[in-house]
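What follows is a short report on a single structure.
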Amino acid sequence: MAFSPRRRKNNPFLELRIQAVSSTIIILLLLSSSVSLSSSQQEQPPLSIHDLLKTRGLPAGLLPKDVKNYTLSETGLLEVHLEGPCLTKFDTMAFYESVVRGNLSYGGLTGVEGFSQEELFLWLPVKDIIVDDPNSGLILFDIGLAYKQLSFSLFDDPPDCKESSGVSEKVAGKGGGFAAQR
Numbered sequence: 000m001a002f003s004p005r006r007r008k009n010n011p012f013l014e015l016r017i018q019a020v021s022s023t024i025i026i027l028l029l030l031s032s033s034v035s036l037s038s039s040q041q042e043q044p045p046l047s048i049h050d051l052l053k054t055r056g057l058p059a060g061l062l063p064k065d066v067k068n069y070t071l072s073e074t075g076l077l078e079v080h081l082e083g084p085c086l087t088k089f090d091t092m093a094f095y096e097s098v099v100r101g102n103l104s105y106g107g108l109t110g111v112e113g114f115s116q117e118e119l120f121l122w123l124p125v126k127d128i129i130v131d132d133p134n135s136g137l138i139l140f141d142i143g144l145a146y147k148q149l150s151f152s153l154f155d156d157p158p159d160c161k162e163s164s165g166v167s168e169k170v171a172g173k174g175g176g177f178a179a180q181r
């Protein structure tokens, strides 16, 4: 007796069910992969303030290393909290208050508060920091009385900032006006 395989009749309902189950599995796999992608994107740590500055066309070294945290609003208001008031040097002495604020846009930090530079024995507030042309290698500081062009390379690396003892009162106009005593 020869044994021959039996042919099954095609069941259209069974085929539809198999297609529905396989479609459901594919949809579930796609959904789970998109959920895992979005959750992995959320787990990435936020940019450091120095990396944020670079993404906005500004040098990382505009702010010192000792940044505790920062906030950036949807309108571009940047508020940076430092460990405390401190001094550093670029081309001249620079003073940072414990909170520095400004409006961050591509190539600029405008309406700056909490950052001053010493010019001819006077402490002048830095009002705006602008990079008009990134290819020029220059950065423009508005210090109220004048504009100052500095080399972009002065701000490549975030500077070390030394704790300032008593300078904040002198910069703010208390205890001796704007003239800083050394």
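With numbering that gives the first Met the number 0 applied, the sequence shown closes on residue 181, and no number is skipped along the way.
Note that beta-carbon positions come from the ideal geometry of N, C-alpha and C, so glycine has one too.
Quick caveat, the model's predicted, so the values are computed rather than measured.
Report yes if the CB atom of residue i is closer than 8 Å to the CB atom of residue j, and no otherwise.
i	j	result
Asp132	Gly107	no
Thr185	Glu73	It is not possible to answer for residue 185, since the shown part of the chain is limited to 0 through 181.
Gly136	Ser115	no
Considering Cα atoms alone, identify which of the options is closest to residue i.
i	options	result
Phe98	Gly143, Asp90, Val130 and Asp65	This sequence places Val at residue 98; Phe is not what is there. Considering only alpha carbons, the answer is Asp65.
Pro158	Leu71, Leu81 and Leu103	Leu81
Pro124	Ser135, Leu57, Leu149 and Glu112	Glu112
Leu77	Leu103, Glu96 and Gly110	Leu103
Ser152	Val130, Leu144, Asp141 and Gly143	Val130
Asp156	Phe140, Lys88 and Ala145	Lys88
Asp141	Ser163, Thr109 and Phe154	Thr109
Any beta carbon from chain D within less than 8 Å of residue i's own beta carbon?
i	result
Leu46	Any reference to chain D falls outside this structure, which holds one protein chain only.
With 16 other CB atoms within 10 Å as the buried threshold, where does residue i fall?
i	result
Phe94	buried
Gly175	Below a pLDDT of 50, predicted positions are generally treated as unreliable, and Gly175, at 40, falls in that range; the measurement from the model is reported next regardless. With fewer than 16 Cβ atoms within 10 Å of its Cβ, Gly175 is classed as exposed.
Leu216	Only positions 0 to 181 of the chain appear in the structure, and residue 216 is not among them; the question remains open.
Leu183	Coverage of the chain is limited to positions 0 through 181, which leaves residue 183 absent and any answer about it impossible.
From residue i to residue j, what distance separates their C-alpha atoms?
i	j	result
Lys161	Asn134	32 Å
Tyr69	Phe120	31 Å
Lys67	Val79	8 Å
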